[in-house]
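So the protein sequences, as listed, match chains A and B.
1017 is the number of the first residue of the first sequence in the numbering used here; add one for each residue after it.
1017 is the number of the first residue of the second sequence in the numbering used here; add one for each residue after it.
Yeah, the Cβ is synthetic: ideal placement off N, Cα and C, and Gly gets one too.
2 protein chains.
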Amino acid sequence: MTLDAIRTFLNASTPITSSLLVIGSAGLLALLTALVFRILISLQGTGTQKMEQIAAQIRSGAMAFLRREYMVIVLFALIAGGCLYIFLDTGLSYARIGQWGMPYTAGSFGLGAVCSLLAGFIGMRTATAANVRTAQAARTSLALALRVSFLSGSTMGMAVVGLGLLGLTGGLYYFLDIEHLSLAEALTPLTAFTFGASSVALFARVGGGIYTKAADVGADLVGKVEKNIPEDDPRNPAVIADNVGDNVGDVAGMGADLFESYVGSILATMLVGLHVTWTGDPGDAEIAALLPLFLAALGIVASIIGTFVVRIGKGSSNVQGALKNGMFLSSVLVLIGAYFFCQRLLPAEVSMGVFYAITSGLIAGVIIGMLTEYYTSQNYGPVRQLADSTKTGAATVMISGLALGYLSTFLPVVVVCIALAVSFSGGGMYGVAISAVGMLSTLGYSLAIDAFGPVADNAGGIAEMSKLPAQVRTRTDVLDSAGNTTAAIGKGFAIGVAGFMCLALLAAYKEEAGITGIDVSKPFTLVGILLGGMLPFLFSSMTMRAVGRAAMAMIEEVRRQFRDIEGLMEGKVLGDSARCVAISTSAAIREMILPGFLVIVAPLIVGYLLGREALGGLLVGSLVTSILMGMSMANSGGAWDNAKKFIEAGNLGGKGSDSHKAAVVGDTVGDPFKDTSGPSLNILVKLLHIIAVLTVSLFAMDGALATMF
Amino acid sequence: MTLDAIRTFLNASTPITSSLLVIGSAGLLALLTALVFRILISLQGTGTQKMEQIAAQIRSGAMAFLRREYMVIVLFALIAGGCLYIFLDTGLSYARIGQWGMPYTAGSFGLGAVCSLLAGFIGMRTATAANVRTAQAARTSLALALRVSFLSGSTMGMAVVGLGLLGLTGGLYYFLDIEHLSLAEALTPLTAFTFGASSVALFARVGGGIYTKAADVGADLVGKVEKNIPEDDPRNPAVIADNVGDNVGDVAGMGADLFESYVGSILATMLVGLHVTWTGDPGDAEIAALLPLFLAALGIVASIIGTFVVRIGKGSSNVQGALKNGMFLSSVLVLIGAYFFCQRLLPAEVSMGVFYAITSGLIAGVIIGMLTEYYTSQNYGPVRQLADSTKTGAATVMISGLALGYLSTFLPVVVVCIALAVSFSGGGMYGVAISAVGMLSTLGYSLAIDAFGPVADNAGGIAEMSKLPAQVRTRTDVLDSAGNTTAAIGKGFAIGVAGFMCLALLAAYKEEAGITGIDVSKPFTLVGILLGGMLPFLFSSMTMRAVGRAAMAMIEEVRRQFRDIEGLMEGKVLGDSARCVAISTSAAIREMILPGFLVIVAPLIVGYLLGREALGGLLVGSLVTSILMGMSMANSGGAWDNAKKFIEAGNLGGKGSDSHKAAVVGDTVGDPFKDTSGPSLNILVKLLHIIAVLTVSLFAMDGALATMF
């Protein structure tokens, strides 16, 4: 059984490296698919000269942001990589992977960062090429526009899973086959691969979140409120920055976030798998460690197949339905394949249990997405009631929206708890970990439907600015509306995924730390859990204030341009869009430093002062409040956004009514909630877990303070 | 040592019962002091006929609410007491206290409920007698008005600590001396004393919180906004209900909340003390169990002395300073006395450690209060910046206020963590528990400064409605402003106290449950902590919606009266105040049932399904998020309130400006935050802990689900 199963399965004499080659091929397949999709996009027309010009501005703005951001990331990576080399690869704890001075950890970290950066870069290049082509396609038909924008999302999705899986298996192959480490030795430095991905995600999500909302609020407040010009009006110099922001936040930010969850869950499950003893056969651990990779490879194939069913018939506008079909198909394919894998590869004692664990993760992810949709879509009661509360003014909109967000945590938490219980009873802590991989296996597809939204949104903006016929804008609006819903679902999914990845990492942390448990009835652990619970509050406060300051800088710049540039208001000359982009970029980069520093330093301080078990407490505390706050913020924000849209669609007095004004207040508060602070909490909690797993070997069991008292 | 120490100390042959007599005398002393204060208040004049008439309306409204509320509580107590009798005193687990069928547990429960109800009743009667006398005193001087209102607060404070301590020692004396139970046997049913107090607190805090905000919002929205008449205008029929609400929320609600914390902390420390083994002498446990009672008795004496220094000189208006002097004096007295007790009663090995634990609790309480003041008072940066954010409209006020609340959790949590570490290193889990008693020892005084605020507030209302000279209103405004600050500090203190009481109860829970730890790396415990963390979100959502619905009912009634009652707007006839009071009362009673049910059922379900350790996880999870959410809500709310007042004082454009309108939105959102949902979280978390301690013997170690899987 076990490794022999792989031997038979692959008909190979070196089961592990052969497996890695098979799995790596799936990663390569994903990248090839991404390349094909990218070429298909290029074949589309780019429309009028005006459209091309605007698209070029957005693209150059996006690239300007990426350039600045990547410079900071590279700088950070050099410092962090250096620290990793000094503390983990040499000297202080060189014994941990057997060979002194080899930059295994630092190298893995760099590889992880590079893969994530590359995925983000591909996603951004594709999205900023596809936006104008989607606008152009919308001149033909909605079906074609959907095709182009969805191809763009799929390119991103495939790039993320391809680079993630290829990077992981490549690193592993190198350590195992070339450097001759054992699987356990190889996995320890590979943890840093996830840390690399996390570092990029921190900057992409937090910085991107601040960027996008500073631009959005700046553009809206001066343009729509003060100058009374419509959204996406070319006279507003912040509009380009706003359109860049959609890409920066929802493409690069979301992509980096989910890239991190993807590789983090796989790696954590491998680490936990190493300690599995199912039948007493030492091969158990190796097969348990390889299973998440097989599952991810399977998910890539399922996602590619799912992509092909996303199409709508002529005259139909059921975009949402088409997207759901693909999701359904790829999920079912993964389940069938997982059943087959479990039966063929795992010992009979655990095969069904592990399969149930995978299933529970996959289903929990889908249900959390559906619940998010229920609480944030205009089609259901909660948003309708929220819209109703605009009748009595802004204060009741705030109270109702916050209450809605709080309430919306109830069912998802129950779902998480059930999935947790099912997966644990199915396969112990390994079951919990692999359920996260199950949830993420179809990421290639689910990221595609997330990442198509901003492309559609941009296409609408380009159509507006290029003064294309109203019919075009109507078509892009259909896409945009579907994109808004999928974006909300994506946020809920990303939170659920982050939670499950952290559960997997928590299991890995326990193994790495060599602790028997995390007993919160011990005072130091309780201190850890209190501090951990507080961090999301502190972090949210920082990011919300950051958006406020960055938006202020943007508002002043836009006001200045309208004041100083003659003929701007009359549409005779163009504003200085590049300067707006630069301001948002600088503010975002500057504002993400302090919260970033907090996340990295907090676990180190707690680990050093209070010891390993207290650090475990910190992780659990941060996990609980991050999930709850993140979910409530994302859902409050999404609901406020859609309540406003519901009124703008002509309900309750429509645009310009008092209800609408109250709804706009809700939406403005909701923007940093759902696009900055909420999503940033995912990064916070994941990064805390990864840093803890990575650095726990540096801390004494009891911490420095314990020796003092 | 140990019991011999008491023998020498009290020169008595029966150390435990003699101790109880001494301690009980302190409780009696508190009640006598309350009586004297109450008589002193009665000796003050009640002013004009108009003033008396309005005061009578407020008083009868308050009594109407209490009558309705108490009826519900009695009904609830009969059911809960019956359940306690059936499940804990007889049959199912009669073995726990040795004698079958004696209603020890049910009786203790009833005693706790009666003591709390009585304290609330005394507080309300006094406050509604003192409000008009304070207004009358304000016609003479500010100093006299402070004296009357502070006497009223002190009456409440003394009634709470007196009834708390007397009830506890009386019950204990009965069990020990008359029923001949051992100390351990006696303490088990006495836990239900706290449950009785908690049940009253649940209704008083949640119901009172809903009542007061429904009346407040209803009065303001129709009166100030729609009809454009000033605050406290006698034409507005909801004004009486609003004034009743101040008493219901801030006197009865706050009093019941702190009564619960007071007896809960003492009892939890006694339970933990029973398991102490300092020197190997079995008397260790008994002395450890008695120490919190001695400390409470000491605190009563210190509080009474502190009361006497609260006075201001002629011409001075430094009310805040006078109140702080008393706080400082009584704290120092407690510390000196505690040092003496520890030295004389405890074995030398632990005496200083326990003293440090008590000190850390007392100091932490004071610091948390000061931090709350910093974040919510107009005199410091945070509220000034918040007021500044009104310039850019309601949305930025919301964002800044929420961010302020989130940020304000950071330092208090650090303070709690430090106190936790110090008290644990000083005296183990016993040290943690007794630090809560240290924090609460001066409750007689700190509750006095909380409970004087609403009296001053009412006095202002009466002065306004009776059309007294402007100078009177100016004086009551000085008192009111000081009262607002102490109310905010009191809220911070109440949260800190609830947190420490829960830490004490958590230690007691572990002993009662017979579990070795609460290991959150076990999946069921993790499920418990996730569910526990989610409950405060769900609970807040319920209470916020409840306020919304209740306020709506009030708004409609006030609108109806202005529409249907001819001559009301012209001031020719009076509105139907009683009906407004009745509507607020009914709504509050109705709306508190569902959240109340949730709190009681949740721990029972988790305990039954997932077992004792998971129930411990539920407690920790709820503790973490309750403290954090409660603190952030209370501070956001307090800051919004004071930012509005800062603008009304003539800053940033003053009343009627756009800034003011934006600030009013913040204040309206802040009202349910700081007066309903935030404070209710104290009750939620304490009640969960008490129910868990009380019922844990009913649950299997592993829970029903564990046997299924």
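- 7 Å or more divides the Cβ of G1169 (chain B) from the Cβ of F1509 (chain B).
- As computed with DSSP, D1193 (chain B) is found in no beta bridge at all.
- The distance from the Cβ of V1640 (chain A) to that of V1640 (chain B) is about 6 Å, consistent with a contact at the 8 Å cut-off.
- A1046 (chain B) sits away from I1352 (chain B), with the two beta carbons spaced by 7 Å or more.
- Under a 10 Å Cβ-count criterion, D1262 (chain B) is classified as buried, with 16 or more other Cβ atoms of the shown protein chains found around its own Cβ.
- The C-beta separation of S1482 (chain B) from M1067 (chain B) comes to about 5 Å, placing the pair in contact by the 8 Å criterion.
- No Cβ-Cβ contact shorter than 7 Å links V1453 (chain B) with T1210 (chain B).
- If you check each beta-carbon in the stretch 1694-1708 of chain B against every beta-carbon of chain A, none falls closer than 8 Å.
- When the beta-carbon positions are compared, G1512 (chain B) and G1173 (chain B) stay at least 7 Å from each other.
- Per DSSP, E1068 (chain A) is one residue of the alpha helix (DSSP H) stretching across Q1065 to L1100.
- D1535 (chain B) is bridged by DSSP to A:D1535.
- The Cβ atoms of M1445 (chain B) and V1288 (chain B) sit closer than 7 Å to each other.
- For H1705 (chain A), the CB contacts under 6 Å within the same chain, skipping 5 residues up- and downstream, are C1518, L1521 and L1635 in chain order.
- For C1433 (chain A), at least one C-beta of chain B is nearer than 7 Å to its own C-beta.
- Between the C-alpha atoms of V1130 (chain A) and G1212 (chain A) there is a straight-line separation of about 8 Å.
- The closest CA to that of A1566 (chain A), considering only A:T1692, A:M1386 and A:A1503, is found on A:T1692.
- Between A1080 (chain A) and V1597 (chain A), the beta carbon gap of about 6 Å places them in contact (Cβ cut-off 8 Å).
- DSSP places R1606 (chain A) in the uninterrupted alpha helix (DSSP H) bounded by S1593 to E1607.
- Residue contact check for A1410 (chain B) against chain A: a CB pair falls below 7 Å.
- For F1440 (chain A), the enclosing alpha helix (DSSP H) stretches over residues F1426 to L1456.
- By the Cβ test, the stretch 1392-1399 of chain A is not in contact with the stretch 1606-1623 of chain A, since fewer than three Cβ pairs between them sit closer than 8 Å.
- Shown here, S1157 (chain A) sits in coil according to DSSP, grouped into three states, outside any helix or strand.
- The Cβ neighbour count for M1570 (chain A), taken over all protein chains shown within 10 Å, is at least 16; the residue is labelled buried.
- Burial state of H1196 (chain A) is exposed, judged by a 10 Å Cβ sphere holding fewer than 16 other Cβ atoms.
- When DSSP states are grouped into helix, strand and coil, T1295 (chain A) belongs to the coil group.
- With 16 or more other CB atoms across the displayed protein chains lying within 10 angstroms of its CB, S1556 (chain A) is buried.
- By a beta-carbon distance limit of 8 Å, T1425 (chain B) contacts M1647 (chain B). Their separation comes to about 5 Å.
- Residue-level contact check: Y1422 (chain A) touches chain B, since one or more beta carbons of chain B fall below 7 Å from its beta carbon.
- Taking the beta carbon of A1419 (chain A) as reference, the chain B residues within 7 Å of it are S1557, M1560 and R1561, listed in sequence order.
- Within the stretch 1631-1651 of chain B, those residues whose Cβ lies closer than 8 Å to any Cβ of chain A are, in chain order, G1632, G1633, V1636, G1637, V1640, T1641, I1643, L1644 and S1648.
- Check the Cα spacing between G1098 (chain A) and each of A:V1088, A:R1084, A:R1075 and A:F1125: the tightest is with A:F1125.
- By the neighbour-count criterion, in which a residue is buried when 16 or more other Cβ atoms sit within 10 angstroms of its Cβ, P1695 (chain A) is buried.
- Of all residues in the stretch 1361-1390 of chain B, none is placed with a Cβ closer than 9 Å to any Cβ belonging to chain A.
- By alpha-carbon distance to V1148 (chain B), the top candidate from B:G1183, B:I1074, B:T1106 and B:E1085 is B:I1074.
- One Cα belongs to Q1577 (chain A), the other to G1476 (chain B), and the distance between them is close to 51 Å.
- Judged by pairs of C-beta atoms under 8 Å, the stretch 1372-1387 of chain A does not touch the stretch 1653-1672 of chain A, as fewer than three such pairs exist.
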